[in-house]
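Novice:
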Amino acid sequence: MSESRNRSFEDLVAEGVAVPTEGWDFSWFEGRATEARPSWGYAVSLAGRLAEARAVLDVQTGGGEVLAFALGRAARVPARVAATEGWAPNTAKATQVLRPYGVVVVASPEDAPLPFADGAFDLVSSRHPVRPHWTEIARVLRPGGTYFAQHVGPASVFELIEYFLGLQPEEARTARHPDRERAEAQAAGLEVVDLRAERLRMEFHDIAAVVHFLRKVIWMVPGFTVEAYEPRLRALHERITAEGPFVAYSSRHLIEARKPD
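FYI, in full-length UniProt numbering the residues of the sequence shown are 1 to 261.
Below, the structure is given as structure tokens:
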């Protein structure tokens, strides 16, 4: 990113601040940040499962982009598809994005019970839920139904988090561990039939990408503002300019769990 290296800290930060954060469209990062993708291809795999389902729920759908991608590539769109989202700007965007597919988007807080009847769905999906509510997932699945999701794994992007917040406690490092989630799913009465995990290289090529990322993924550095972290941001800008991209590693796991007949 030679162009970014020639731009001032102030200009780059202003650009990172100006980019809208609604939804889960990360196309703005093209050319200024990269992240390797998991080998299993979640959205394409979800498209295949949608074609076999009758009633589907996508939990914490964000701006609806991933579900729309999968529906657009499914050989058959299920008769009933619903989605939940807890953040108002994303709820509005998901409603717009998913309307062409007949998806009902329900505003529902992330920590609230799912607003659907017992056994209402034969497929529940989610990409990067804040926290999977296993008892609720099990409740709304019909017997024989499946939960198919890609989760954020343990210590994801901690290189960036710890740059700003310092060394994190062991409890934070082991949270979201796939083995823990397997046990939680089983405790809710689900049978885990597939569980795969990968760590994936990320590169931030300028400080604008870092600023926008921390504004968009708000749980990385809670309460992040440019003003509060200006000295660390400036130091990171100088580091990237002198040494090249800041490297971090995301953590992802694919999980498939079935509700017994």
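For every residue, glycine included, the Cβ atom is placed at its ideal position computed from N, Cα and C.
Classify residue 145 as helix, strand or coil using the three-state DSSP reduction.
Specialist: Strand, per DSSP.
Novice: Would you decide whether residue 244 is buried or exposed? Buried here means 16 or more other CB atoms lie within 10 Å of its CB.
Specialist: The residue in question, residue 244, is exposed, as its Cβ has fewer than 16 Cβ neighbours within 10 Å.
Novice: Between residue 70 and residue 78, what straight-line distance do the alpha-carbon atoms span, to the nearest angstrom?
Specialist: For residue 70 and residue 78, the distance between alpha carbons rounds to 12 Å.
Novice: Near residue 157, what residues of its chain come up, given a Cβ to Cβ distance below 6 Å and the 5 sequence neighbours on each side ignored?
Specialist: Counting only Cβ-Cβ distances below 6 Å, and skipping sequence neighbours, we find 248, 250.
Novice: If you count every other CB in all the chains shown that lies within 10 Å of the CB of residue 127, and 16 or more means buried, which is it?
Specialist: Buried, since its Cβ has 16 or more Cβ neighbours within 10 Å.
Novice: I need the DSSP call for residue 233, collapsed to helix, strand or coil.
Specialist: In this structure, residue 233 counts as helix in the three-state DSSP scheme.
Novice: What three-state label does DSSP hand residue 45 in the structure shown?
Specialist: Helix at residue 45.
Novice: If you count every other CB in all the chains shown that lies within 10 Å of the CB of residue 13, and 16 or more means buried, which is it?
Specialist: When all chains shown are included, residue 13 counts as buried.
Novice: Which partner residues does residue 255 have in the DSSP bridge list?
Specialist: DSSP, once it has assigned bridges, lists 149, 195 as partnering residue 255.
Novice: Distance check for residue 44 and residue 73, CA to CA, integer angstroms please.
Specialist: If I take the Cα positions, the gap works out to 8 Å.
Novice: Buried or exposed for residue 160, please, with buried defined as at least 16 other CB atoms from any protein chain shown within 10 angstroms of its CB.
Specialist: Classification for residue 160: buried.
Novice: Helix, strand or coil for residue 2, going by three-state DSSP, please let me know.
Specialist: Here residue 2 scores only 47 on pLDDT, less than 50, and its place in the model is too uncertain to base an answer on.
Novice: Excluding the 5 residues preceding and the 5 following residue 19 in the sequence, name in chain order all residues of the same chain whose CB lies nearer than 7 Å to its CB.
Specialist: Around residue 19: 28, 212.
Novice: My assumption, with CB atoms under 8 Å, is that residue 190 sits in contact with residue 38. Please give the rounded CB distance.
Specialist: Residue 190 to residue 38, Cβ: 22 Å. No contact.
Novice: Compare the C-alpha of residue 112 against each of 123, 85, 100 and name the closest.
Specialist: Comparing Cα positions, the closest option is 85.
Novice: Under a Cβ-count criterion, where at least 16 other Cβ atoms within 10 Å of its own Cβ denotes burial, should residue 225 be classed as buried or exposed?
Specialist: The residue in question, residue 225, is exposed, as its Cβ has fewer than 16 Cβ neighbours within 10 Å.
Novice: With residue 167 as the anchor, note down where its alpha helix (DSSP H) starts and where it stops.
Specialist: Segment: none, residue 167 is in no alpha helix (DSSP H) and carries neither H nor E.
Novice: Taking the beta strand (DSSP E) that residue 9 falls in, what are its first and last residues?
Specialist: Element bounds for residue 9: not the beta strand (DSSP E) but the alpha helix (DSSP H), 9-18.
Novice: Can residue 22 and residue 129 be called in contact, C-beta distance under 7 Å?
Specialist: Going by C-beta atoms, residue 22 is not nearer than 7 Å to residue 129.
Novice: For residue 242 and residue 15, what's the separation of their Cα atoms in angstroms?
Specialist: Near 20 Å, if we compare the C-alpha coordinates of residue 15 and residue 242.
Novice: With residue 118 and residue 83 assumed to form a contact (beta carbons below 8 Å), what rounded beta-carbon distance in angstroms separates them?
Specialist: 19 Å between Cβ atoms; not a contact.
Novice: Would residue 141 pass as a contact of residue 259 if the rule is Cβ separation under 7 Å?
Specialist: In this structure, residue 259 lies closer than 7 Å to residue 141 by Cβ.
Novice: Which same chain residues end up closer than 7 Å to residue 47 when comparing Cβ atoms and leaving out the 5 residues on each side of it in sequence?
Specialist: Cβ neighbours of residue 47 beyond the five flanking positions: 70, 73, 74.
Novice: Checking 7 Å against the spacing of the C-beta atoms, do residue 80 and residue 107 come in under that value?
Specialist: No, they are not a contact pair.
Novice: Going residue by residue through the region 15-96, where are the continuous beta strand (DSSP E) segments of at least 3 residues, counting only ones entirely within it?
Specialist: You should have 33-35, 55-58, 80-85.
Novice: Sort 143, 206, 214 by Cα distance to residue 10 and report the nearest one.
Specialist: Comparing Cα-Cα distances from residue 10 to each of 143, 206, 214, the minimum goes to 206.
Novice: Using a Cβ distance threshold of 8 Å, determine whether the region 144-154 contacts the region 169-188, with at least three qualifying pairs required.
Specialist: As far as the Cβ criterion goes, the region 144-154 touches the region 169-188, which means the pair count is three or higher.
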